[in-house]
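A short worksheet on the structure shown next.
There are 2 protein chains.
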Amino acid sequence: MLKFVLQISNEPMHHQLAELFRQNIASATWSQGDCLPSEAELGAAHGVSRGTVRHALASLRHEGLIVGGRGKPPTVARSVPSQPFATFMSFTEWAQSIGKAPGQQTYEIARRRAKSETAACMGLAVGEPVVQLVRLRLLDEVPVMLERGTFAFEVGQLLFEFDTDTGSIFGYFTAQGIEISRGKHLIDAVSADEIDASLLGIEIGAPLLRERRVTYGGEGQILECSDDRYLPQAANFVIENTREARAALARVPRNA
Amino acid sequence: MLKFVLQISNEPMHHQLAELFRQNIASATWSQGDCLPSEAELGAAHGVSRGTVRHALASLRHEGLIVGGRGKPPTVARSVPSQPFATFMSFTEWAQSIGKAPGQQTYEIARRRAKSETAACMGLAVGEPVVQLVRLRLLDEVPVMLERGTFAFEVGQLLFEFDTDTGSIFGYFTAQGIEISRGKHLIDAVSADEIDASLLGIEIGAPLLRERRVTYGGEGQILECSDDRYLPQAANFVIENTREARAALARVPRNA
DNA sequence: AAAACACACTTGTGTAGACAAGTTCACCAA
DNA sequence: TTGGTGAACTTGTCTACACAAGTGTGTTTT
Numbered sequence: 004m005l006k007f008v009l010q011i012s013n014e015p016m017h018h019q020l021a022e023l024f025r026q027n028i029a030s031a032t033w034s035q036g037d038c039l040p041s042e043a044e045l046g047a048a049h050g051v052s053r054g055t056v057r058h059a060l061a062s063l064r065h066e067g068l069i070v071g072g073r074g075k076p077p078t079v080a081r082s083v084p085s086q087p088f089a090t091f092m093s094f095t096e097w098a099q100s101i102g103k104a105p106g107q108q109t110y111e112i113a114r115r116r117a118k119s120e121t122a123a124c125m126g127l128a129v130g131e132p133v134v135q136l137v138r139l140r141l142l143d144e145v146p147v148m149l150e151r152g153t154f155a156f157e158v159g160q161l162l163f164e165f166d167t168d169t170g171s172i173f174g175y176f177t178a179q180g181i182e183i184s185r186g187k188h189l190i191d192a193v194s195a196d197e198i199d200a201s202l203l204g205i206e207i208g209a210p211l212l213r214e215r216r217v218t219y220g221g222e223g224q225i226l227e228c229s230d231d232r233y234l235p236q237a238a239n240f241v242i243e244n245t246r247e248a249r250a251a252l253a254r255v256p257r258n259a
Numbered sequence: 004m005l006k007f008v009l010q011i012s013n014e015p016m017h018h019q020l021a022e023l024f025r026q027n028i029a030s031a032t033w034s035q036g037d038c039l040p041s042e043a044e045l046g047a048a049h050g051v052s053r054g055t056v057r058h059a060l061a062s063l064r065h066e067g068l069i070v071g072g073r074g075k076p077p078t079v080a081r082s083v084p085s086q087p088f089a090t091f092m093s094f095t096e097w098a099q100s101i102g103k104a105p106g107q108q109t110y111e112i113a114r115r116r117a118k119s120e121t122a123a124c125m126g127l128a129v130g131e132p133v134v135q136l137v138r139l140r141l142l143d144e145v146p147v148m149l150e151r152g153t154f155a156f157e158v159g160q161l162l163f164e165f166d167t168d169t170g171s172i173f174g175y176f177t178a179q180g181i182e183i184s185r186g187k188h189l190i191d192a193v194s195a196d197e198i199d200a201s202l203l204g205i206e207i208g209a210p211l212l213r214e215r216r217v218t219y220g221g222e223g224q225i226l227e228c229s230d231d232r233y234l235p236q237a238a239n240f241v242i243e244n245t246r247e248a249r250a251a252l253a254r255v256p257r258n259a
């Protein structure tokens, strides 16, 4: 641990400390079950006040990475940090994070008038313009997921100036200054229909892990509604929850 | 808003404030998009320091309930709070929270020696004793989920003194003083096999939403590994993530 | 009318201190 | 040897303060 290394960046000190602590956990410098150094020790080591140390540790507690109570330092609850927002929201970034080559084949991109189901999801009136896309996603050239996306027209029209076969829409939007702030994901399972089966190379009726996502911009406006169908033998979702750190996670009943 | 009402409980003030704020959001007293009162106003209203208000607001930020930055009060990001730990971990408690009658039919409960796959999941040696259970779960008498659970012997043996047809194992363990501290959930999709199909009343090969869960005790020991298979038309998982609040959530590749 | 500036107010960061609640270990008495 | 006690240390809660960074509004200048 280098003293004062944290001052090189302009980031708030408690952010830098939290990131350093996450790295210590991910690299097994602090292993699962290990006690962390005391707050006083961490403060002395980094030249910050106890309050700043506590602020950083609070973030880790909220992520469920550390647990503990009064009288003894926290212990590492688990060794795998949660995925950053961008890694989860962007297939391309995720692929790269696991050391695989992302690939995409666009089967269609079209401007359309929203039908009733789409309009409901997008918070639009029926008939308003949207941009829709069907795209196969691959890892190391192997089909993994079929993506059906519907974009609000204001952002979707930008996609006609972007080659959707070359990479990440998330990344492209971000580069265009579009703020992507929040995602809501509904996870269920469906049978592969004819299109799924044909593009993913599987039998009609095979089970697919479906993620329906609503993506929100910085003002809370809906940017995208999508339906991503994963081969379950290729990708899954992992969620951890603890009694101490509420996860933004719920099991919900279906009305049908 | 009643001044000083928060002092009636022994809970730390910042916890009480956070809970009050969550209720304000859930009850739409503060609606999505609304600005919250300023920190100074909240502090004056509740007779606490600004630091305590900020501590409570930090919890809400970590849960993704509120967003915002310098110069103006935070706004409500969404109106649905995350599910409490116990509600997510306990089918019975979840059912009750959505106003449905939970039901369960135990098809088998047995003490066995762990086979290699089970041993690996439980962190045991092959051949060590475990308690295994197959149970159908119902909502308002309608089959919803088939649960296959494997319990560490130390806790699983208690189930032979409990009627698993009457209710919640989570609740029973808690009442027996067993601390349940953390859950790890892997979500994928499978085809219904013969047992699934027979007990859930569906066709062989129909898609099921599978949740494989590892449940940890207070010392980090594994209490249970389970395989829950939901009818996707009955229940799904909803997850929200934001750029500001890291969720303990990841998409992960499968090796097969 | 539009742009720039000043000011009051807001949140975010960081420090410091006090005290309560809890843990651990050494020492002493039974 | 075992159990109890006290001290040192730990974390958790709460308050107070200072300053930076940002927002919104009113006033002045162009």
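Taken in order, these protein sequences are the chains called U and Z.
Under the numbering used here, the first residue of the first sequence carries the number 4, and numbering increases by one thereafter.
Under the numbering used here, the first residue of the second sequence carries the number 4, and numbering increases by one thereafter.
Cβ atoms here follow ideal geometry from the backbone N, Cα and C, with glycine treated the same way.
{"query": "Range covered by the beta strand (DSSP E) that runs through Gly1/U", "result": "Nothing in the structure corresponds to residue 1/U, since chain U is present only between 4 and 259."}
{"query": "Whole-angstrom C-beta distance between Ile242/U and Leu234/U, which should lie under 8 angstroms", "result": "Incorrect: roughly 20 angstroms between the Cβ atoms, too far for contact."}
{"query": "Expected contact under 8 angstroms - CB spacing of Ala195/Z and Ala192/U to nearest Å", "result": "No, Ala195/Z and Ala192/U are not in contact; Cβ-Cβ is about 10 angstroms, not under 8 angstroms."}
{"query": "Per-residue burial, Thr245/U [other beta carbons within 10 Å of its own, 16 or more giving buried]", "result": "buried"}
{"query": "Own chain partners of Thr58/U with C-beta closer than 6 angstroms, once the 5 adjacent residues on each side are dropped", "result": "In the sequence as presented, Thr is not what sits at residue 58/U; that position holds His. Only His17 meet the Cβ criterion."}
{"query": "Reduced DSSP category for Val51/Z - H, G, I as helix; E, B as strand; rest coil", "result": "coil"}
{"query": "Nonlocal neighbours in the same chain, by C-beta distance under 6 angstroms from Leu20/U, ignoring five residues either side", "result": "Ala59"}
{"query": "Interface partners of Trp97/U on chain Z, CB under 7 angstroms", "result": "Arg254"}
{"query": "With 16 other Cβ atoms within 10 Å as the buried cut-off, status of Ala259/Z", "result": "Residue confidence is low: Ala259/Z scores 40 on pLDDT, short of 50, so the model does not pin down where it sits. No coordinate-derived value is stated."}
{"query": "Ala238/U - partner residues in DSSP beta bridges", "result": "Pro256/Z"}
{"query": "Same chain only: Cβ atoms within 7 angstroms of Thr90/Z, ignoring 5 sequence neighbours per side", "result": "Glu96, Trp97, Ser100"}
{"query": "Nearest-angstrom Cα separation, counted from Gly130/U out to Glu22/U", "result": "46 angstroms"}
{"query": "Cutoff 8 angstroms: Leu139/Z Cβ touching any chain U Cβ", "result": "no"}
{"query": "Residues that Met148/U bridges to, as DSSP identifies them", "result": "Arg140/U, Tyr233/U"}
{"query": "Residues of the region 148-175 of chain U with Cβ closer than 7 angstroms to any Cβ of chain Z, in chain order", "result": "none"}
{"query": "Contacting positions in the region 176-189 of chain U - beta carbon closer than 9 angstroms to chain Z", "result": "Glu182, Ile183, Ser184, Arg185, Gly186, Lys187, His188, Leu189"}
{"query": "Own chain residues within Cβ distance below 6 angstroms of Ser171/U, not counting five before or after", "result": "Ser93, Thr95"}
{"query": "Helix, strand or coil at Gly19/Z [DSSP, three-state]", "result": "Before going further, note that residue 19/Z is Gln rather than Gly in the sequence given. If DSSP states are grouped into helix, strand and coil, Gln19/Z belongs with the helices."}
{"query": "Where the beta strand (DSSP E) containing Gly220/Z begins and where it ends", "result": "210-220"}
{"query": "Assumed close pair Phe156/Z, Val133/Z - CB separation to whole angstroms, cut-off 8 angstroms", "result": "6 angstroms"}
{"query": "Alpha carbon of Val51/U to alpha carbon of Leu45/U, nearest angstrom", "result": "8 angstroms"}
{"query": "Where Phe24/U falls, given that 16 or more other Cβ within 10 Å makes a residue buried", "result": "buried"}
{"query": "Beta carbon of Arg257/Z nearer than 8 angstroms to that of Ala209/U", "result": "no"}
{"query": "C-alpha gap between Asn239/Z and Ala113/Z, whole angstroms", "result": "29 angstroms"}
{"query": "Simplified DSSP state of Ser12/Z, which is helix, strand or coil", "result": "coil"}
{"query": "Rounded distance between the beta-carbons of Gly186/U and Thr218/U, thought under 8 angstroms", "result": "5 angstroms"}
{"query": "Proximity winner among Arg232/U, Arg254/U, Val255/U, Glu227/U, relative to Ala122/U (alpha-carbon distances)", "result": "Glu227/U"}
{"query": "Arg215/Z beta carbon less than 8 angstroms from that of Ser229/Z", "result": "yes"}
{"query": "Where Leu127/Z meets chain U, residues with beta-carbon distance less than 7 angstroms", "result": "Under the 7 angstroms cutoff, chain U gives no residues; its nearest Cβ is about 18 angstroms from Leu127/Z."}
{"query": "Under 8 angstroms between C-beta atoms of Val70/U and Trp33/U", "result": "no"}
{"query": "Beta-carbon proximity of Ile183/Z to Gly220/Z, cut-off 8 angstroms", "result": "yes"}
{"query": "Contact list for Asn239/U against chain Z, beta-carbon separation under 7 angstroms", "result": "Leu189, Ile190, Asp191, Val255, Arg257"}
{"query": "Arg73/U (DSSP reduced to helix, strand or coil)", "result": "coil"}
{"query": "Cβ shell of Arg53/U (< 6 angstroms), same chain only, five flanking positions each side left out", "result": "Glu42, Gly46"}
{"query": "Residue burial classification, Glu14/U (beta-carbon count within 10 angstroms, cutoff 16)", "result": "exposed"}
{"query": "Whole-angstrom distance between His188/U and Ala178/Z, CA atom to CA atom", "result": "34 angstroms"}
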